[in-house]
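Numbering (our numbering) for the sequence shown: 232 to 385. We put the CB at the ideal spot given by N, CA and C, even for glycine. Given the structure is predicted, the values throughout are model-derived calculations rather than measurements.
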Amino acid sequence: MPSLLAAAADDDERSALRIAQFFATMSLHAPESHQLGSALVPSFSGPFLVSLVLAASTAERLHAAAAVTCFLLDVPVGCLLFMFWSWHSLLALRNRTTLDTKSSRYDVGPRRNLEQVFGRRLLLWPIPIRGDGPSVDGLHWPLNPACKDEDVAP
Numbered sequence: 232m233p234s235l236l237a238a239a240a241d242d243d244e245r246s247a248l249r250i251a252q253f254f255a256t257m258s259l260h261a262p263e264s265h266q267l268g269s270a271l272v273p274s275f276s277g278p279f280l281v282s283l284v285l286a287a288s289t290a291e292r293l294h295a296a297a298a299v300t301c302f303l304l305d306v307p308v309g310c311l312l313f314m315f316w317s318w319h320s321l322l323a324l325r326n327r328t329t330l331d332t333k334s335s336r337y338d339v340g341p342r343r344n345l346e347q348v349f350g351r352r353l354l355l356w357p358i359p360i361r362g363d364g365p366s367v368d369g370l371h372w373p374l375n376p377a378c379k380d381e382d383v384a385p
């Protein structure tokens, strides 16, 4: 029975690692998709919008108002996505989690840290596919040689 529980725990940790990899890849694409959406709206801003609204019919005014509303809602969402992406990119570069942001016990350098999340093939990092997977098994993690003396919580 204990071996069955250990196997289930191993599967849970490996699944969590795959989910973390997928989440990190998707967070890389969030700012890109926001920028694409923002690039489609600028023609409705500034003096052009004022002249458009004054000379337009009711349907065109409604369309212009909808475009402005979408743009005004998109800007704060884009800012939040950028802050979210920045924070999690920093955590991935330093090999930290949101629960343990101060410990550098697992920080083995930016390149190796990102390899642990995205895998060893650099060209597959921006593509949201599994590829060859992370460079760790989800159970055993390389330690920073400078921090081997720190206590490791069970």
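Problem - For residue 370, the three-state DSSP class (helix, strand or coil) - result: coil
Practice task
Enumerate in chain order the residues of its own chain whose CB-to-CB distance from residue 341 is below 7 Å, with the five nearest sequence positions on each side excluded.
Solution key: 324
Handout entry: Whether residue 378 touches residue 336 by CB criterion (8 Å)
Key = Yes; because the gap between Cβ atoms is below 8 Å, this pair is in contact.
Exercise for the section: Would you tell me roughly how many angstroms separate the C-alpha atoms of residue 301 and residue 293, rounded to the nearest one? Expected result: 12 Å
Problem - Beta-carbon gap between residue 346 and residue 366 smaller than 8 Å - result: yes
Problem - Beta carbon of residue 322 nearer than 8 Å to that of residue 328 - result: yes
Problem - CA-to-CA distance, residue 343 to residue 368, given in whole angstroms - result: 14 Å
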